[in-house]
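By the count of numbering that gives the first Met the number 0, the first sequence reaches residue 574 at its end, each step adding exactly one.
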Amino acid sequence: MAYCRENDLPLPEQINWAWIPFSGHWGISTSFFQIAAQEARQGKKVQVGARAQELAQAVADHLGTPPGFERVEAVRGYLNLYFLTPEYSRRVVDDVLDRAADYGRGEDRHEQVMVEFSQPNTHKAFHVGHLRSAILGDVLARMLDFAGYETVRANYPGDMGLHVIKWLWNYMTHHRGERPETDITAWMGKLYAEASKRLEEHPELEAEVRALYARWDRRDPEVVALWEETREWSLQGFRALYEVLDVHFDRYYFNSQEEQAGKRVVEELIAKGIALDERPEGAVIVKLDELLGNEKEKYRVLVVLRSDGTALYATEDLALAIQKFVDYPRLSRSFYVVDVRQSLHFQQVFKTLELAGYPWAGRCEHIPYELVNLPGNVVMASREGTVVLLEDLIREAFSRALEVVEQKNPDLSAEQKQAIARAVGLGAIKYPMLARENTKIVTFDWQAALDFNGQAAPYIQYAYVRANSILRKVGGALPAAMTPEYELSPAEVALIELLSRLPNDVQRAAEEKRPLYIANLAYETAKAFNDFYNQCPVLTADAEVRSFRLRLVAAARQAIANSLALMGITAPEAM
RNA sequence: GCCCCUGUAGCUCAAUGGACAGAGCAGUAGCCUUCUAAGCUAUUGGCUGUGAGUUCGAAUCUCACCAGGGGCGCCA
């Protein structure tokens with residue numbers, strides 16, 4: 000800046016510093032293309048590339064080598080400032096070790112946010128397609144919490160609807176008195192699929208289902224009692240699965256509880272002139288584009304109540320959105336992790352609430368994600384039988400991981416092997432759902448899901464294990480904080496640089512709701528560690544080198560553990 | 001008809017508007033008396049769907065088109 004002023008050059012609005020994008024080199028860089036381009040526009044006859052390099056060189060000469068930096072160079076229009084590696088290395092390693100499990104954690108923002116995710120339907124199976132919302136939502140909540148937000152995790156099971164009535168009908172007519180044994184959710188799903196099949200084969204039986212729905216509407220005690228009992232079975236099954244997945248919730252909302260409240264909200268909308276009551280010929284609708292004066296259709300029409308007066312999903316969503324802010328008045332954001340097909344629906348609901356005058360409506364946000372399909376772009380649907388049940392996937396992943404650990408490390412105790420198999424199997428399941436854009440379809444196939452090599456969670460866990468193994472061999476306390484006096488190898492510099500990125504990437508991932516950034520960083524850090532592991536002996540190195548490297552290994556282990564924790568993946572002590 | 005998402009190596013995916021577009025898998029050739037080989041090294045593989053535009057600079061932003069997927073008044 001000073002140099003520009005002195006030399007009568009156009010001042011850049013701000014200097015954008017970026018990391019030098021070469022591995023093994025560590026520092027910051029900026030470019031001079033903008034200034035050169037500005038000059039060109041002002042009529043000076045300059046060739047932008049060459050002029051940028053000229054400026055970079057001039058500034059490099061002007062700067063000399065500022066304190067804290069090792070050297071400064073001008074390359075192809077870029078000005079690169081290389082850190083004084085020993086000092087920065089010490090700072091990063093010390094920081095990681097001092098803050099330990101909190102390394103990467105952001106400052107407390109004094110803001111409360113809610114993440115609603117998972118929304119499983121009771122009386123149905125839990126398949127791999129449902130897994131994405133559970134894992135994505137869980138990790139978003141972990142990231143937001145770690146980034147410094149007070150985070151409320153909410154679940155919203157669909158515990159009433161036609162699917163439940165169908166299930167109850169099938170149970171009452173064919174399974175009365177039966178109870179689920181193990182794999183509750185799979186059993187519930189089986190009965191639901193059976194109900195769908197029966198009704199498909201004998202459409203005349205629909206009348207019985209309708210009659211049962213009417214009994215539910217009257218709150219017939221027998222139906223209500225059976226619903227309550229069987230609903231609890233499903234919820235119990237879900238709790239067991241969440242436990243295995245290490246996914247937890249602070250708050251449960253049920254759509255059965257929002258039904259009446261939703262109807263009251265609709266009454267209010269009608270009274271305010273927002274909703275149009277076309278009953279009995281039509282439904283109760285909100286003509287959003289008309290209300291907003293939009294020329295082109297954008298929000299279209301939201302149906303908020305059926306013509307027969309019964310509630311829809313939208314009815315309940317209106318009530319739920321309100322309920323969340325009643326329960327948590329401080330909420331600065333209310334996130335909905337729901338698949339992308341419901342984007343329009345949520346835009347409509349939030350816009351309707353805004354029109355109704357709820358001041359927080361703009362703080363609701365839908366976080367869309369794409370589906371998990373089967374090869375050939377086949378959508379998972381219980382009715383079609385095109386599903387991979389979560390129970391089956393977990394069982395397969397665990398047993399496959401157990402096989403591998405038996406082979407790799409036969410001397411461990413059976414208990415240890417079980418724990419490792421769980422950690423590895425679960426990691427292998429979660430990672431592929433996190434290491435891609437939310438808006439990209441995940442194609443599930445067994446082979447890829449059970450491949451423990453390459454860019455996958457086990458690779459990252461293995462790096463952790465290797466670091467752990469070195470430190471275990473040494474035992475005792477780490478050497479005291481120190482600045483490395485020897486010349487660090489490129490592998491060491493690259494590793495330290497990656498360790499330093501965690502805090503920044505946590506913020507970025509939380510702001511953009513993209514676990515992908517953490518998944519990538521964790522993998523890259525593990526890769527850098529393996530590189531280091533192969534090139535830089537630790538235990539056999541000279542005393543001073545050994546001491547610093549031990550600290551570096553401990554820091555790497557910590558950073559990897561922290562990013563795995565952010566992804567809800569366990570770091571095993573051995574593998 | 002309108003709107004949204006996706007299109008990058010044979011396959012699955014990365015890449016704050018910046019420096020030679022990178023990984024994994026698959027293929028090929030190697031590395032275990034040395035901190036765990038679930039690892040590492042080397043090598044093969046690309047007009048980033050097409051065409052314009054903006055910019056000093058585009059996989060990235062804008063527009064048009066092509067291809068695939070999804071959503072659009074009483075399903076959830």
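No residue lacks a Cβ here, since even glycine has one placed at the ideal position from N, Cα and C.
Segment contact, 8 Å Cβ cut-off, at least three pairs: the segment 321–337 with the segment 360–367: yes
If you run the structure through DSSP and keep just helix, strand and coil, what is residue 512? coil
Are the Cβ atoms of residue 489 and residue 24 separated by less than 9 Å? yes
Outcome for residue 295 when other beta-carbon atoms lying within 10 angstroms are tallied against a minimum of 16: exposed
Going along the chain, which unbroken runs of the beta strand (DSSP E) with 3 or more residues stay wholly within the segment 321–397? 330–338, 363–368, 371–373
What residue range is occupied by the uninterrupted beta strand (DSSP E) comprising residue 68? 68–74
Suppose you measure from the CA of residue 200 to the CA of residue 384; what does that come to, to the nearest Å? 15 Å
C-beta atoms of residue 549 and residue 95 nearer than 9 Å: no
For a quick check, are the C-beta atoms of residue 470 and residue 103 less than 9 Å apart? no
To the nearest angstrom, report how far apart residue 392 and residue 133 are at their CA atoms. 15 Å
Looking only at C-alpha atoms, which of 176, 165, 435 sits nearest to residue 206? 165
Secondary structure of residue 128, DSSP reduced to three states: helix
Just to confirm, is the Cβ distance from residue 184 to residue 240 under 9 Å? yes
Let me check one thing: in DSSP terms, what residues is residue 301 bridge-paired to? 285
Output needed for residue 521: all residues of its chain with C-beta closer than 6 Å, excluding positions within five of it in sequence on either side, in chain order. 459, 562
Distance check for residue 546 and residue 477, CA to CA, integer angstroms please. 8 Å
Quick one: which unbroken alpha helix (DSSP H) runs of 4-plus residues sit fully inside the segment 76–112? Chain order, please. 84–98
In angstroms, rounded to a whole number, what distance separates the CA positions of residue 155 and residue 30? 50 Å
Beta bridge counterpart(s) of residue 463 as assigned by DSSP: Looking at the DSSP assignment, residue 463 forms no beta bridge with any residue, so it has no partner.
Just to check my reading of the structure: residue 273 and residue 354 have Cβ atoms closer than 8 Å, yes? What is that Cβ distance to the nearest angstrom? 5 Å
Looking at the structure shown, is residue 444 part of a helix, part of a strand, or coil, going by DSSP? coil
Apply the 10 Å Cβ neighbour rule to residue 161 and answer buried if 16 or more other Cβ atoms are within range, or exposed otherwise. exposed
Could you please give me the residues that DSSP links to residue 148 through a beta bridge? Paired residue(s): none; residue 148 is not in a bridge.
Proximity winner among 518, 438, 487, relative to residue 340 (alpha-carbon distances): 438
My assumption, with CB atoms under 8 Å, is that residue 301 sits in contact with residue 284. Please give the rounded CB distance. 7 Å
Given a cut-off of 9 Å on the beta-carbon distance, is the pair residue 555 and residue 466 in contact? yes
For a test of the three-state rule: what should DSSP assign to residue 487, helix, strand or coil? coil
Among 90, 27, 441, 171, the one whose alpha carbon lies nearest that of residue 338: 441
Using 8 Å for Cβ pairs, my map puts residue 592 next to residue 131. What's the rounded Cβ distance? Here the chain comprises residues numbered 0 to 574, so residue 592 is not present and cannot be evaluated.
Short of 8 Å in beta carbon distance, which residues of its chain neighbour residue 347, apart from the five on each side in sequence? Order them along the chain. 285, 287, 298, 299, 301, 313
Select from 449, 50, 26 the residue whose C-alpha is nearest the C-alpha of residue 37. 50
Between the beta-carbon of residue 427 and the beta-carbon of residue 455, is there less than 9 Å? yes
Please list, in chain order, all residues of the same chain as residue 500 whose beta carbon is under 7 Å from its beta carbon, the five residues on each side excluded. 520
Local conformation of residue 29 per DSSP, three classes: strand
Please return the same chain residues whose Cβ sits closer than 7 Å to the Cβ of residue 39, not counting the five positions on each side in sequence. 45, 47
May I ask which residues mark the beginning and end of the alpha helix (DSSP H) holding residue 221? 220–244
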